[in-house]
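Quick note: the sequence shown uses this note's numbering, first residue 40, plus one each step.
Note that CB positions come from ideal geometry on N, CA and C, so glycine has one too.
Because the structure is a prediction, the values reported are computed rather than measured.
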Amino acid sequence: MLSGLRAVFSSEPSTVTFPFGSSANAQSPGMGTSGNLSFLITDLGSKDLDREKFCIFFGAVKSGPFENRDNLAHRKNHLSSTTVRQTFAVAALDLTTVVNRCFNADPDESMVLTLDEMEERRIFVPLNPLNDDSAEQVLRRVIEGKTASVSDIEAKGDGFWLTLQPLFVSLEELKNTQPHLFSNPPVLVRKMGFPEVIVRDDVRNDLYVSLACGDFTHCTNRSDKNVEVRICLVDELTNTVVQNSIVTVGSSASLSTYYTSTVFYHQDRPRWFETVKIIIPVDIYGNVHIQFTFRHRSSNESKDKGERPFAVSFIRLRQSNGTVIKDGRHDLVVYRLAAKIEESDFSYHTLPATRADLEMSGLSNVSSRSHIQSPTGAFAISPKDCFTINTIVCSTSLTQNVDLLGLLEWETKRVNLKISLESLMKDEGDRAGEEVVKVNKVFYLPCYNFS
């Protein structure tokens with residue numbers, strides 16, 4: 040059963056990502072009665088379209104019994120209730136030529152020529168199985184042309200058909216001029232980042248978390264490390280999990296409390312290829328962290344029911360200087376769990392969250408690190424293991440700029456307003472205006488003479 044697709048527009052050397060997903064259930068958003076999935080990618084700007092390379096990536100995920108080469112024969116005669124998400128194939132399509140013809144030419148001419156051609160011609164996108172490779176490795180080979188040809192894969196039927204339609208209008212204008220496109224509304228897919236034009240009514244407090252890789256070879260003595268990651272938000276003041284704060288697939292999907300990752304068979308150094316969107320609870324975000332729990336999944340149903348989390352990592356949404364978590368890569372510390380632990384025990388949040396925090400704590404050698412544990416003793420550091428994520432914040436309420444934060448908080452603190460203004464303009468230059476525009480807040484500043 041196909042449970043998810045993710046569309047990613049990427050370019051070299053940087054990447055612009057649009058996470059998208061949909062269930063095979065015909066009631067899912069963006070799926071018509073014929074079983075076709077439709078999605079509308081918005082926010083494309085001139086910087087995106089001017090890049091040298093422009094591709095669309097897909098990841099196909101199946102949800103069901105844990106399948107591997109050893110138990111396929113057993114599965115034919117045994118119906119399992121165990122459900123595991125596994126990425127089984129990826130696909131890539133180079134759209135550089137299409138983008139150049141559609142968006143970089145005269146809008147009127149390209150609209151007529153390209154739309155007629157695309158309505159007559161569907162594009163076959165071949166699916167490439169992962170086997171024992173990571174999604175990143177397979178996609179790299181696809182882009183470099185080192186996989187089977189499209190005609191060979193198409194003959195086997197391993198893939199799907201895609202129809203593209205470039206549009207040169209705003210979303211509201213599109214709804215008015217082409218209402219038939221919304222008879223079964225497509226999933227609206229937004230960029231992981233701000234559009235070139237930010238509308239005041241467009242309020243966003245989104246945090247995109249991409250699972251990158253992990254090394255769990257030292258957490259336990261097990262060899263069958265089929266690692267599954269569960270993500271949730273935790274409120275440290277109430278010691279409770281924040282409800283309904285995660286968008287599991289696509290921007291139009293319903294909210295959930297937990298997100299469960301895909302699992303790679305017998306890999307204790309997994310490399311994921313998935314992104315989850317978290318709705319930042321702005322009113323309490325200073326007391327909230329993201330929790331990542333790691334659990335083994337077994338292909339043996341009876342063993343799988345007895346599996347419990349073996350380790351945990353976390354990262355705070357609010358940094359020590361009051362700004363929201365920075366964009367980019369974060370190397371998280373991995374903590375082993377004790378044999379018995381209370382479900383409401385989140386005492387690890389008093390410990391260093393990232394490798395950078397660990398270095399700043401002064402515990403720079405392995406011998407001292409090995410003694411780091413939570414006050415309850417339920418969590419102890421696994422110094423040789425690691426877990427890496429990437430984050431992008433799209434917020435009109437929170438900022439990553441400490442000087443801008445001073446302006447936002449001037450009404451409550453009323454200190455260093457002059458210094459914040461001068462530092463913001465000195466350090467950021469033209470970018471200062473961009474940062475201010477992103478924050479959807481009215482500034483009522485006193486009339487000080489700063490000369």
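### Message
Suppose contacts are defined by Cβ-Cβ distances below 8 Å. Is A350 in contact with D384 by that definition?
### Response
Locating residue 350 in the sequence shown gives position 311, counting from the first residue. Locating residue 384 in the sequence shown gives position 345, counting from the first residue. Result no, Cβ atoms of A350 and D384 do not sit closer than 8 Å.
### Message
Less than 8 Å between the C-beta atoms of F97 and A130, yes or no?
### Response
Translated into the one-based positions of the sequence shown, residue 97 becomes position 58. Translated into the one-based positions of the sequence shown, residue 130 becomes position 91. Yes, the Cβ-Cβ distance between F97 and A130 is below 8 Å.
### Message
To test your reading of the DSSP string, which unbroken beta strand (DSSP E) runs of 3 or more residues are found completely within the segment 258-319?
### Response
266-274, 310-318
#### Entry: Under the three-state DSSP convention, the category P224 falls into
Translated into the one-based positions of the sequence shown, residue 224 becomes position 185. Coil, per DSSP.
### Query
When you compare each of N339, H388, Q439, I380 to K365 by their alpha carbons, which one comes out closest?
Walking along the sequence shown from the start, residue 365 turns up at place 326. Checked all of N339, H388, Q439, I380; the closest Cα to K365 is Q439.
### Message
Just to confirm the assignment, what range does the alpha helix (DSSP H) spanning D87 have?
### Response
Counting from 1 along the sequence shown, the entry for residue 87 is found at position 48. It spans 85-88 - the alpha helix (DSSP H) in which D87 sits, taken as one unbroken run.
### Query
Does the separation of the CB atoms of F105 and T81 fall below 8 Å?
Your numbering for residue 105 matches position 66 in the sequence shown. Your numbering for residue 81 matches position 42 in the sequence shown. No.
### Message
Using a Cβ-Cβ cutoff of less than 8 Å, which residues in the same chain neighbour F353 once the five nearest sequence positions on both sides are dropped?
### Response
Your numbering for residue 353 matches position 314 in the sequence shown. If we look at F353 and ignore the five residues flanking it on each side, its Cβ neighbours are V273, H328, I329, Q330, F331, L371, Y387, H388, A392.
#### Entry: Segment limits, alpha helix (DSSP H) that includes R180
Mapped onto the sequence shown, residue 180 falls at position 141. Taken as a continuous stretch (DSSP letters only), the alpha helix (DSSP H) holding R180 covers 174-182.
### Task
Give the single residue among R394, D133, V315, V181 whose Cα lies nearest to the Cα of A250.
On the sequence shown, residue 250 is found 211 positions in, with the first residue counted as 1. First, the amino acid is wrong: residue 250 is Leu here, not Ala. Relative to the Cα of L250, the nearest Cα in the group R394, D133, V315, V181 belongs to V315.
### Task
Name the residue from G253, S293, P224, Y324 whose alpha carbon lies nearest to the alpha carbon of T277.
For this step, residue 277 is matched to residue 238 along the sequence shown. Answer by Cα proximity: Y324.
#### Entry: Coil, strand or helix - G401 by DSSP
Stepping through the sequence shown from its first residue, residue 401 is reached at position 362. Note: G401 maps to coil in three-state DSSP.
### Query
V372 lies in the beta strand (DSSP E); which residues open and close that run?
Here the question's residue 372 lines up with position 333 in the sequence shown. Its beta strand (DSSP E) spans residues 367-376.
### Query
First and last residue of the beta strand (DSSP E) that includes L79?
As a position in the sequence shown, residue 79 is number 40, starting the count at 1. Residues 78-80.
### Query
How would you call K477, buried or exposed, if buried means at least 16 neighbouring beta carbons within 10 angstroms?
Reading the sequence shown from its first residue, position 438 is the one you call residue 477. Buried.
#### Entry: Contact between the segment 296-313 and the segment 166-175 (3+ Cβ pairs under 8 Å)
yes
#### Entry: Extent of the continuous alpha helix (DSSP H) run through T216
Within the sequence shown, residue 216 is the residue found at index 177, counting from 1. Unbroken alpha helix (DSSP H) run through T216: 210-216.
### Query
Closest to I536 by CA distance: which of G84, P224, E275, R368 is it?
A question about residue 536 goes unanswered here, because the residues of the chain that appear run from 40 up to 490.
### Query
Do you know how far the Cα of N429 is from the Cα of Y491?
In the structure as shown, the chain begins at 40 and stops at 490. Residue 491 is therefore absent and cannot be evaluated.
### Status (buried if at least 16 other CB within 10 Å, exposed otherwise) for M231
Reading the sequence shown from its first residue, position 192 is the one you call residue 231. With 16 or more other Cβ atoms within 10 Å, it is buried.
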